[in-house]
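Asker: Following my numbering, the numbering of the sequence shown begins with 6 at its first residue and continues without gaps. We put the beta carbon where it would ideally sit given N, CA and C, even for glycine. Before we start, here is the structure in question, set down as structure tokens.
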Amino acid sequence: VRRGRLTGTAPAGPGAAVLTARERDVLRLLALGHSNRRIGEELFISAKTASVHVSNILAKLNAASRTEAVAVAHRQGLVAPERTSS
6 VRRGRLTGTA
16 PAGPGAAVLT
26 ARERDVLRLL
36 ALGHSNRRIG
46 EELFISAKTA
56 SVHVSNILAK
66 LNAASRTEAV
76 AVAHRQGLVA
86 PERTSS
């Protein structure tokens, strides 16, 4: 799984899912491999609320799993691979 960051606030192109600002925040942390609990801690929301955001992201991206959602988001340009320092 590639870890990544959001590249911008708008969908990349035609057919790209429209995510809310909060969903984009959650997606960024999801791409880093964070659990719902960790996402909640980072965003000052409950793990349950993070879970609801993840479920909404999965539905909007038509993904069956968190990993697939990140892959779809990457393909749509919603998440870019994170640069590693070498």
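Tell me the residue span of the beta strand (DSSP E) that contains residue 84.
Answerer: Taken as a continuous stretch (DSSP letters only), the beta strand (DSSP E) holding residue 84 covers 84-86.
Asker: If I'm right that residue 62 touches residue 28 with Cβ under 8 Å, what's the distance once you round it to whole angstroms?
Answerer: Contact holds; Cβ gap of about 5 Å.
Asker: Would residue 71 pass as a contact of residue 35 if the rule is Cβ separation under 8 Å?
Answerer: Yes, the Cβ-Cβ distance between residue 71 and residue 35 is below 8 Å.
Asker: If you run the structure through DSSP and keep just helix, strand and coil, what is residue 44?
Answerer: Helix, per DSSP.
Asker: Buried or exposed for residue 38, going by 16 or more other Cβ atoms inside 10 Å?
Answerer: Residue 38 comes out exposed.
Asker: Need the endpoints of the alpha helix (DSSP H) that residue 54 sits in, please.
Answerer: It spans 52-65 - the alpha helix (DSSP H) in which residue 54 sits, taken as one unbroken run.
Asker: Could you tell me if the beta carbon of residue 85 falls within a distance shorter than 7 Å of some heavy atom in the ligand NAP?
Answerer: Absence of the ligand NAP from the depicted structure is noted, as is the absence of any ligand whatsoever, leaving it without description.
Asker: Check residue 25 in the structure and name its three-state DSSP category.
Answerer: It is coil, neither helix nor strand.
Asker: How about residue 66 and residue 77: do their beta carbons lie closer than 8 Å?
Answerer: Yes; because the gap between Cβ atoms is below 8 Å, this pair is in contact.
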